[in-house]
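Enquirer: Just passing along the structure, written as structure tokens.
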Ligand code: GLU
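Residue numbers (this note's numbering): 1 to 319.
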């Protein structure tokens, strides 16, 4: 097993950094509910950024967590994107059909010694954290790091070995964001107790295999980015460029999300909604375009796209 330092990885395969490759972006919604205004914002922001760079834009439905999936949500999301004229390149990719690639990524990490089976339960983790005087901590204390490989027969849970070296994410909008993964969240889960591959690994494998150069998404995912960056490093994948957009919050400050039952964005008047989305993205569409066909609005927005107006902004009130 590795020692958890990046020095171990020197000399591993590295590709040139993202900006030298042609732009390829993506929108990767989980079908846990319909497209709501907040996810429309992420979709439009990533679409505009890709198209303004004359790049490609892919649509990947992240349907690898059946317990959280809402029947019909994937179709609803696809229909809504189409109604808003946010058209994608190629076929829609369903992440659930890519499990072979995810499992291969997991196996590679196990073979390299950067992943290990874990027998802990939530209860035993809480007890271990109490013992080390961190009673409120839910991060993983590394208990199973030195289990023999035969332990894999007793569990499906696999964790990534993390590092004590700070991982810094450079973002096009947000301040540099640094995490010491070994402290928080600790060695994180790659394969869950139910045998499902965790989001962190699936997203890294798919972004790489789909040749994604630019990840544009909501700032709520910034916190996951150091984990994803770490997996990219371990697997020898190039670093994409990141741009984390503000998220829409409700008047009480809570993030608009499918989990809190956000309503589906109405597609009956897509021009007015798209105009509002552009305003929320810090753009200043002319008043006379309010209600115009989305293609007309996007044409205007592509000619004027300036995401830097959103620099440092994390929250935007629901219009
Ligand atoms: N599937 C994730 C979500 O809907 C987003 C993945 C990503 O953009 O990296 O929250």
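All C-beta atoms in this analysis are idealised placements derived from N, C-alpha and C, irrespective of residue type, glycine included.
Output the distance between the C-alpha atoms of residue 45 and residue 277, rounded to the nearest integer angstrom.
Expert: Position 45 of the chain shown, counted from the start, is the residue given in the question as residue 45. Position 277 of the chain shown, counted from the start, is the residue given in the question as residue 277. About 9 angstroms.
Enquirer: Can you check whether the CB of residue 314 is closer than 9 angstroms to the CB of residue 247?
Expert: Position 247 of the chain shown, counted from the first residue, corresponds to residue 247. Position 314 of the chain shown, counted from the first residue, corresponds to residue 314. In this structure, residue 314 lies closer than 9 angstroms to residue 247 by Cβ.
Enquirer: Taking buried to mean at least 16 other C-beta atoms within 10 Å of its own C-beta, is residue 31 buried or exposed?
Expert: The residue you call residue 31 lines up with position 31 of the chain shown. Buried, because 16 or more other Cβ atoms sit within 10 Å of the Cβ of residue 31.
Enquirer: Does DSSP classify residue 116 as helix, strand or coil?
Expert: For the purposes of this step, residue 116 is taken as the residue at position 116 of the chain shown. Reduced to three states, the DSSP call for residue 116 is strand.
Enquirer: Would residue 298 be called buried (16 or more neighbouring beta carbons within 10 Å of its own) or exposed?
Expert: For the purposes of this step, residue 298 is taken as the residue at position 298 of the chain shown. Buried.
Enquirer: If you count every other CB in all the chains shown that lies within 10 Å of the CB of residue 258, and 16 or more means buried, which is it?
Expert: The residue labelled residue 258 in the question sits at position 258 within the chain shown. It counts as buried.
Enquirer: With a threshold of 8 angstroms, establish whether the CB of residue 140 neighbours any heavy atom of the ligand GLU.
Expert: Numbered from 1 along the chain shown, position 140 holds the residue referred to as residue 140. Every heavy atom of the ligand GLU is 8 angstroms or more from the Cβ of residue 140, so no.
Enquirer: Between which two residues does the beta strand (DSSP E) carrying residue 214 extend?
Expert: Here residue 214 is taken as the residue at index 214 of the chain shown, counted from 1. 214-218 is the span of the beta strand (DSSP E), which, as asked, contains residue 214.
Enquirer: Who does residue 179 pair with in a DSSP beta bridge?
Expert: In the chain shown, the residue the question calls residue 179 occupies position 179. DSSP lists 167 as partners of residue 179.
Enquirer: By the three-class DSSP mapping on this structure, what secondary structure does residue 6 have?
Expert: For the purposes of this step, residue 6 is identified with residue 6 of the chain shown, where counting begins at 1. No answer about residue 6 holds up, because its pLDDT of 39 lies below 50 and its placement is not dependable.
Enquirer: Taking the Cβ atom as the reference point for each residue, do residue 263 and residue 275 lie within a distance shorter than 9 angstroms?
Expert: Taking the chain shown and counting its residues from 1, the one referred to as residue 263 is at position 263. Taking the chain shown and counting its residues from 1, the one referred to as residue 275 is at position 275. Not in contact: residue 263 and residue 275 (Cβ atoms no closer than 9 angstroms).
Enquirer: Keeping to the same chain, check which residues put their C-beta closer than 7 angstroms to that of residue 41; ignore five residues upstream and five downstream.
Expert: Your numbering for residue 41 matches position 41 in the chain shown. Excluding positions up to five away in sequence, the list reads 245, 248, 277, 280 and 281.
Enquirer: Let's test the definition: count the other Cβ atoms within 10 Å of the Cβ of residue 39 and tell me whether it reaches 16, buried, or not, exposed.
Expert: Position 39 of the chain shown, counted from the first residue, corresponds to residue 39. Under this definition residue 39 is a buried residue.
Enquirer: From which residue to which residue does the alpha helix (DSSP H) around residue 208 run?
Expert: What you label residue 208 is simply residue 208 of the chain shown in a count that begins at 1. That run of the alpha helix (DSSP H) goes 199-209.
Enquirer: Cβ of residue 217 within 8 angstroms of any heavy atom in the ligand GLU?
Expert: Your numbering for residue 217 matches position 217 in the chain shown. At least one heavy atom of the ligand GLU is nearer than 8 angstroms to the Cβ of residue 217, so yes.
Enquirer: Consider the C-beta atom of residue 32 and the heavy atoms of the ligand GLU; say whether any pair is separated by less than 8 angstroms.
Expert: The residue given as residue 32 occupies position 32 in the chain shown. Yes, since a heavy atom of the ligand GLU falls inside the 8 angstroms radius drawn around the Cβ of residue 32.
Enquirer: Output needed for residue 302: all residues of its chain with C-beta closer than 7 angstroms, excluding positions within five of it in sequence on either side, in chain order.
Expert: The count along the chain shown starts at 1 and reaches residue 302 at position 302. For residue 302, where only same-chain residues beyond five positions count, the Cβ hits under 7 angstroms are 48, 51 and 52.
Enquirer: Starting from residue 277, follow the alpha helix (DSSP H) in both directions and report where the run begins and ends.
Expert: As a working note, residue 277 is residue 277 in the chain shown. Segment 270-280, the alpha helix (DSSP H) holding residue 277.
Enquirer: For residue 183, which residues from the same chain have a beta carbon less than 7 angstroms from its beta carbon, with the 5 sequence-adjacent residues on both sides left out?
Expert: Position 183 of the chain shown, counted from the start, is the residue given in the question as residue 183. Counting only Cβ-Cβ distances below 7 angstroms, and skipping sequence neighbours, we find 139.
Enquirer: Per DSSP, what are the beta-bridge partners of residue 315 in this structure?
Expert: For this step, residue 315 is matched to residue 315 along the chain shown. Answer is 247.
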